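Everything on this sheet refers to the single structure shown next.
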Amino acid sequence: MPIQILPDVLVNQIAAGEVVERPAAVVKELVENAFDAGARRIEIEIEQGGLGLIRITDDGGGIGPQELALAMTRHATSKIASLEDLEQVASFGFRGEALPSILSVSRMSLVSRPAAEAHAWQVEGAGALDSPRAQPASHPPGTSVVVRDLFFNTPARRKFMKSEATEFRHIQQLVGRLALSRFAHGFRLLHNRRKLLDLPPVDDEQGREARVGEVCGEDFLRHAVFLDEHRAGLRLWGWVALPAFARTQADLQFLYVNGRAVRDKLMTHALRRAFADAMHSTHYPAYVLYLELDPARVDVNVHPQKAEVRFRDSSTVHDFLFGTVHRVLRELRPDPALNRPAQFAPPAPAVPAPQQSGFRYASPPASHPEALREAPAPAWTTLAAAVAERAPRAAEPAAPLAADASAAEADEQPLGHALAQLQGVYILAQNRHGLVVVDAHAAHERVLYERLKRQLAEGGVPSQALLVPERLQLPEDAVDALEARREELSRYGLQIDRAGPSSVLLRAVPPLLSREDVAAFVRGLVSDEDLRETSHHLGEVLDAQHRVMADMACKAAIKANRRLTIPEMDALLRDMERTELADQCNHGRPTWIQVDMAGLDRLFLRGR
24 MPIQILPDVL VNQIAAGEVV ERPAAVVKEL VENAFDAGAR RIEIEIEQGG LGLIRITDDG
84 GGIGPQELAL AMTRHATSKI ASLEDLEQVA SFGFRGEALP SILSVSRMSL VSRPAAEAHA
144 WQVEGAGALD SPRAQPASHP PGTSVVVRDL FFNTPARRKF MKSEATEFRH IQQLVGRLAL
204 SRFAHGFRLL HNRRKLLDLP PVDDEQGREA RVGEVCGEDF LRHAVFLDEH RAGLRLWGWV
264 ALPAFARTQA DLQFLYVNGR AVRDKLMTHA LRRAFADAMH STHYPAYVLY LELDPARVDV
324 NVHPQKAEVR FRDSSTVHDF LFGTVHRVLR ELRPDPALNR PAQFAPPAPA VPAPQQSGFR
384 YASPPASHPE ALREAPAPAW TTLAAAVAER APRAAEPAAP LAADASAAEA DEQPLGHALA
444 QLQGVYILAQ NRHGLVVVDA HAAHERVLYE RLKRQLAEGG VPSQALLVPE RLQLPEDAVD
504 ALEARREELS RYGLQIDRAG PSSVLLRAVP PLLSREDVAA FVRGLVSDED LRETSHHLGE
564 VLDAQHRVMA DMACKAAIKA NRRLTIPEMD ALLRDMERTE LADQCNHGRP TWIQVDMAGL
624 DRLFLRGR
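Heads up, the sequence shown is in this note's numbering, so the first residue is 24 and it goes up one at a time.
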């Protein structure tokens with residue numbers, strides 16, 4: 024379609040008053056134009072963080088000499104021509120505002136050559152075109168846009184730009200996001216004539232994974248699982264990092280709708296809910312996900328920078344994303360070769376002081392997040408697949424404490440067999456890989472939580488009547504809230520009757536909870552404002568129910584300093600192997616780590 028000025032009725036529908044906020048915004052618009060031109064290779068050259076120079080060169084279809092000046096005119100585009108085209112936009116750009124907006128605040132030149140032309144043509148200007156007539160120029164087939172002295176004529180806006188390093192960091196992050204949106208395109212990024220990124224085009228699974236690792240880091244790829252799901256005209260594919268790779272900031276969240284990078288609240292909420300049972304509330308999941316659907320089912324003309332979208336059937340999209348990711352996470356089971364191996368530091372040349380420890384774990388205290396280091400591990404699989412692939416090996420001599428479990432039996436159990444309990448908190452077990460350390464409370468909490476959810480889904484949590492009902496004194500508004508939820512609480516095994524303006528009688532409780540735990544649980548329940556509010560959205564109601572059961576499981580789980588027998592510890596390990604999301608407790612804390620023999624050998628300098 025040739026470049027043409029849009030009719031007024033269409034301009035009124037799409038006009039966004041495009042404003043160039045910073046150099047990264049310029050790079051985004053120009054690279055997306057290269058995508059639309061059919062380019063396969065794109066070179067991005069930056070100087071002084073983009074304020075001095077931005078040069079975007081591509082090998083796309085190019086622009087004819089008669090259309091160059093028209094391309095610099097506001098609301099002139101070749102992407103759409105009617106309202107019908109707007110309803111199913113498949114291109115990145117469509118408003119015709121980017122080039123004239125950039126020209127208005129910079130010294131800009133546009134050089135382009137279609138493959139059929141003998142040579143290239145060029146237009147340029149500073150704030151406005153110098154001449155509408157294109158001039159001959161030298162250039163290979165494709166297009167180059169050169170933007171110099173950004174904001175030279177708007178000093179007030181330039182004054183608010185950040186440092187050169189900060190502005191370039193925004194550009195670098197943007198290029199990484201764009202590189203993940205188009206695997207079939209090659210990208211080359213230079214800053215101050217130094218090459219920082221060179222990604223060739225890829226068209227196979229191995230190449231796509233390599234690019235994801237280049238942009239997101241190899242740690243992300245090692246802790247990610249690939250998914251590809253089709254349903255109801257929707258397709259979701261990409262990589263989801265497991266809860267063990269939770270981040271303290273949302274810096275590894277890449278969402279694409281039909282190849283367009285978006286920041287959509289609906290999609291983010293669905294993915295957040297999918298991780299809710301296995302991630303701490305202050306952490307963020309990491310993912311690179313692509314949603315594909317009919318362009319007519321999504322409106323991209325919502326945000327001036329086209330960063331937000333609106334779906335025709337938002338509930339279907341929300342449930343599809345939540346259900347797909349949630350199912351993938353729940354299919355995983357503990358596997359010692361894949362879950363958080365403890366990482367030991369290499370021994371120092373000198374003999375360390377007796378007070379110093381020669382190792383550090385992969386899951387250190389939260390007060391030292393910089394100590395978190397993940398050892399390389401292969402991609403995650405389901406427990407059944409991992410066990411099936413595991414080839415038998417010669418068993419190591421069993422430790423004296425493990426005389427009751429043969430090495431062959433230990434090989435069959437991913438979490439091995441219990442050896443002892445440490446400080447009344449941790450279970451120590453032996454498997455074929457080495458030592459397994461389990462947080463008994465966190466592991467039992469997850470097992471109980473999943474059991475309660477199954478019971479609720481099957482019709483309700485069983486209850487046990489108290490011989491003597493217990494009276495609880497509560498504020499009057501709290502008693503009102505409990506009375507309003509009486510039927511719902513009965514499904515959790517709690518039978519409560521009002522006994523006065525500010526008191527209730529507790530007549531039956533779940534068998535898992537002691538009387539002391541129930542009293543604390545009920546008081547905590549009515550102190551949570553979110554749980555006291557009635558919600559009509561099914562997902563929010565379900566989340567509220569799960570929060571109640573998570574609190575119930577936490578109260579009932581094994582407490583510190585409770586002495587466990589070897590059979591009790593083994594029973595908990597077997598329950599973990601059968602339980603969904605057993606690698607994290609209900610609050611997102613890890614439940615176990617693997618200390619392999621190689622790490623122990625390094626600690627004691629064996630073989631050196």
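Glycine included, each C-beta is placed from N, C-alpha and C at the ideal position.
Just so you know, these numbers come straight off a predicted model, no measurement behind them.
{"Query": "Nearest-angstrom Cα distance between A501 and E468?", "Result": "27 Å"}
{"Query": "Taking contact to mean at least 3 C-beta pairs separated by less than 8 Å, is the segment 265-272 in contact with the segment 308-321?", "Result": "yes"}
{"Query": "On the three-pair Cβ rule with 8 Å, is the segment 587-604 touching the segment 348-358?", "Result": "yes"}
{"Query": "Opposite D619 in the DSSP bridges: which residues?", "Result": "G457"}
{"Query": "Indicate whether M620 and G457 have their beta-carbon atoms separated by less than 7 Å.", "Result": "yes"}
{"Query": "Assign D287 to one of three DSSP states: helix, strand, or coil.", "Result": "coil"}
{"Query": "Are the beta-carbon atoms belonging to V54 and I65 less than 7 Å from one another?", "Result": "yes"}
{"Query": "With C-beta atoms as the reference, is L76 less than 7 Å away from R181?", "Result": "no"}
{"Query": "Can you tell me where the beta strand (DSSP E) holding H214 begins and where it ends?", "Result": "G209 to H214"}
{"Query": "If you follow the alpha helix (DSSP H) that Y472 is in, where does it begin and where does it stop?", "Result": "A463 to A480"}
{"Query": "Where does K51 fall in DSSP's three states?", "Result": "helix"}
{"Query": "Pull the bridge partners of T80 from the DSSP assignment, please.", "Result": "E66 and S167"}
{"Query": "Can you name the residues that DSSP bridges to F249?", "Result": "W262"}
{"Query": "Should the segment 605-615 be called in touch with the segment 289-308, which here means at least 3 C-beta pairs below 8 Å?", "Result": "yes"}
{"Query": "If you follow the alpha helix (DSSP H) that F345 is part of, which residue opens it and which one closes it?", "Result": "S337 to R353"}
{"Query": "Would you list the one or two residues that DSSP bridges to L275?", "Result": "None, per the DSSP bridge assignment."}
{"Query": "Less than 7 Å separating the beta-carbons of R286 and A319?", "Result": "no"}
{"Query": "For A160, which residues does DSSP report across the bridge?", "Result": "A143"}
{"Query": "Is it a yes or a no for the segment 283-298 touching the segment 241-256, going by three-plus beta-carbon pairs under 8 Å?", "Result": "no"}
{"Query": "Is it buried or exposed, V134, if we count other Cβ atoms within 10 angstroms and call 16 or more buried?", "Result": "buried"}
{"Query": "Could you tell me which whole alpha helix (DSSP H) segments of length 4 or greater appear in the segment 491-548?", "Result": "499-507 and 509-514"}
{"Query": "Sort S338, V571, Q496 and R136 by Cα distance to R514 and report the nearest one.", "Result": "V571"}
{"Query": "Beta-carbon within less than 6 Å of E563's beta-carbon, same chain only, minus the 5 sequence neighbours each way: which residues are those?", "Result": "Confidence is the limiting factor: at E563 the pLDDT is only 48, short of 50, which leaves the residue's position unreliable, though a coordinate-based value still follows. Taken in chain order, the list of residues that qualify is empty."}
{"Query": "Report, in whole angstroms, the separation of the C-beta atoms of G73 and F191, which I expect to be a contact under 8 Å.", "Result": "7 Å"}
{"Query": "Once DSSP output is grouped into helix, strand and coil, what is the label at V238?", "Result": "helix"}
{"Query": "Report yes or no: do three or more beta-carbon pairs, one from the segment 440-449 and one from the segment 580-587, lie closer than 8 Å?", "Result": "yes"}
{"Query": "Can you tell me whether H349 is buried or exposed, with buried defined as 16 or more other CB within 10 angstroms of its CB?", "Result": "buried"}
{"Query": "Once the 5 residues before and after Q378 are set aside, which same chain residues still bring their CB inside 7 Å of it?", "Result": "In this predicted model, Q378 has a pLDDT of only 40, less than 50, meaning its place in the structure is not dependable; the value taken from the coordinates is given anyway. Cβ neighbours of Q378 beyond the five flanking positions: none."}
{"Query": "Could you check what DSSP says for A441 in three-state terms: helix, strand or coil?", "Result": "strand"}
{"Query": "What is the residue span of the beta strand (DSSP E) that L222 lies within?", "Result": "R217 to L222"}
{"Query": "If we ignore side chains and look at the alpha-carbon of each, how far apart do F343 and V321 end up?", "Result": "15 Å"}
{"Query": "Count Cβ pairs between the segment 85-93 and the segment 183-202 that sit closer than 8 Å; are there 3 or more?", "Result": "no"}
{"Query": "What first and last residue would you give for the alpha helix (DSSP H) that runs through E591?", "Result": "I589 to R601"}
{"Query": "Just the Cα atoms here: how many angstroms apart are L626 and L505?", "Result": "55 Å"}
{"Query": "Check V198 in the structure and name its three-state DSSP category.", "Result": "helix"}
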